[in-house]
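Reviewing the structure listed below.
There are 2 protein chains.
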Amino acid sequence: MSLPSRSTSEGLSSAHDRVYRTLRTRIMHGEIAPGEALTLRGIGREFDVSMTPAREAVRRLVAEGALFLSSSGRVSTPELSNERIEELAALRSLLEVELSSRALPRAHMALIDRLQAINVTVAEMVSKRDAVGYIRANLEFHRTLYLRAQAPAMLAMAETVWLQLGPTMRALYGRLRRTEPPHNHKLIIAALKAGDEPGLRLAVRSDVTQGLRLLAG
Amino acid sequence: MSLPSRSTSEGLSSAHDRVYRTLRTRIMHGEIAPGEALTLRGIGREFDVSMTPAREAVRRLVAEGALFLSSSGRVSTPELSNERIEELAALRSLLEVELSSRALPRAHMALIDRLQAINVTVAEMVSKRDAVGYIRANLEFHRTLYLRAQAPAMLAMAETVWLQLGPTMRALYGRLRRTEPPHNHKLIIAALKAGDEPGLRLAVRSDVTQGLRLLAG
DNA sequence: CATAGCCTGTTGTGATCACAAATGGATCAG
DNA sequence: CTGATCCATTTGTGATCACAACAGGCTATG
């Protein structure tokens, strides 16, 4: 298997892109623990590709801060210091407050309905103690809101921060014992309904900061 | 030449890293025009490496938004739309205002002296109509200030924005005819001396926004 | 029994090759 | 002279290989 020949069907995306996207989603959703090691040949084996696309995918993730590259070239998911976590939390705050503020004037009822539906999923995941499912639903909530801001570069930066925090988020929510309902999400929705920009900014800032504070603090 | 053998001396950095850093600096300083095309074999020829490290460097730059990857795989430096330019300017504003604000309490006299020295270089470059030199000195001014913020992740994001704007900045400053002294830089230094945070935030926002506004507007 | 040295298997790096797609220019018809 | 068509060249992609550095365990020695 795996001859140099390549069928004409490429599924509209190259091999390294498929590897990249899968790994990126895994990291962002916290499916990989902090400090976990990856090998190029291992990735290639899993995705049935050679080392070349595996390397490109890993390089790309390293460039985005999703993976850590040791001096000897070994790659692993990063173990963040408390200072770094606080800084990334501040970045989330900065970017996401701005994104929500830009989304506010464009937030119609259909968007709010959709956010409420996602919130039901978030609550389900919390009650099921499903850390990965919780992170995924939570990020979907935020992304859905921010997409309305019509600011792709800013959203991309916010997602890069999520990516860097992915493994740490898993560790955080894994040790959350109380089943906490998405209270801040409700505040966000209320502020959207009321067109209350200061309230929205405050709610987003609280939602983004709260969880990470208790991990880094 | 270029046998697979590799001497033990690696100069403390791998080949793809050398290529990456050189290209990154070139792009950030505006030495490459918007829309200019690059080829892997061409890069390899210039740096005397094979396609493999050239590809890794290019991939990394694409991941950072410094290069544009067409659907057919061709890479070129991006031609930004006005909307994108405005968004990146807003990002610069958001990030750099925060960085300067964090640097303010740590800004000692030695830092201010250094900023003033850099400012002399900026003025020289303006009078010499040296666009690349101007961009380099201007970015050095900002980086020197932001380094004091002790926020590496935030600074890295700001530099990513600079990188994305690099080719466009070149096009902008290339069409600036008036020899404009770094007025906003003087305002920044004055605010630093006075410990005036609102003034500093305003000065940084103006400095960051002014040039790009006249290009995108 | 502890520790230092070696040694083998593993890993990342970069070069080279084969292949498919796209590009760009030359040629020919209108 | 203008337009489309065809073909040779260029280009990106991915596989494979050789090599050096590294890691972990094993052995031998004090």
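Chains as they are written, first to last, in my numbering: chain A, 924 to 1140; chain B, 924 to 1140.
Positions of the beta carbon are idealized from the N, C-alpha and C atoms, including for glycine.
Under 8 Å by Cβ, that's how I've got L1022 (chain A) and A1081 (chain A) pegged, so tell me the actual separation to the nearest angstrom. 6 Å
Identity of the residues DSSP links to L1095 (chain B) by a beta bridge: Its beta-bridge partners do not exist; DSSP assigns none.
Report yes or no: do the segment 1011 to 1020 of chain A and the segment 1003 to 1013 of chain B share at least 3 C-beta pairs separated by less than 8 Å? no
Are any of the Cβ atoms in chain A nearer than 8 Å to that of M974 (chain B)? no
I need the straight-line Cα distance from Y1069 (chain A) to A1026 (chain A), nearest angstrom please. Near 6 Å, if we compare the C-alpha coordinates of A1026 (chain A) and Y1069 (chain A).
Provide the residue(s) that pair with V998 (chain A) in DSSP beta bridges, ordered along the chain. A:L961, A:L992
Counting only the same chain and skipping the five closest in sequence on each side, list residues whose C-beta sits under 7 Å from that of E987 (chain A). T1083, L1086
Give the residues of chain A in contact with L1014 (chain B), contact being defined as C-beta atoms less than 8 Å apart. A1076, M1077, M1080
Return the CA-CA distance between E1063 (chain B) and R1037 (chain B), expressed in angstroms with no decimal places. 10 Å
I need the straight-line Cα distance from A1072 (chain A) to S1024 (chain A), nearest angstrom please. 8 Å
What three-state label does DSSP hand G953 (chain A) in the structure shown? coil
Beta-carbon neighbours of R949 (chain B), restricted to chain A and to distances below 9 Å: Neighbours of R949 (chain B) on chain A: none; closest Cβ ~17 Å, over 9 Å.
How should V1131 (chain A) be labelled, buried or exposed, when 16 other C-beta atoms within 10 angstroms of its C-beta is the threshold for buried? buried
Short of 7 Å in beta carbon distance, which residues of its chain neighbour V1127 (chain B), apart from the five on each side in sequence? Order them along the chain. E1019, V1020, S1023, I1111
So, with DSSP's three-state summary, where would you put H1108 (chain A)? helix
Would you call the CB atoms of A938 (chain B) and R997 (chain B) closer than 8 Å? One thing to note: A938 (chain B) has its Cβ no nearer than 8 Å to the Cβ of R997 (chain B).
Report the residue from A:M1048, A:V1043, A:R1066 whose alpha carbon sits nearest the alpha carbon of K1109 (chain A). For K1109 (chain A), the closest C-alpha among the options A:M1048, A:V1043, A:R1066 is that of A:V1043.
Leaving out the 5 sequence neighbours to the left and right, which residues in its chain are closer than 7 Å to G958 (chain A) when beta-carbon positions are compared? S999, T1000, E1002
What does E1021 (chain B) reach in chain A if we use C-beta pairs closer than 7 Å? L1017
DSSP three-state label for D1036 (chain B), please. Helix, per DSSP.
Cutoff 6 Å; reference L1088 (chain A); Cβ partners in own chain excluding five residues on either side: L1011
Inter-residue spacing [alpha-carbon to alpha-carbon] between L1095 (chain B) and G953 (chain B): The straight-line gap from Cα to Cα measures roughly 10 Å.
Option in B:A1117, B:V981, B:L1034 with minimal Cα separation from I950 (chain B): Selected option, being the one with the closest Cα: B:V981.
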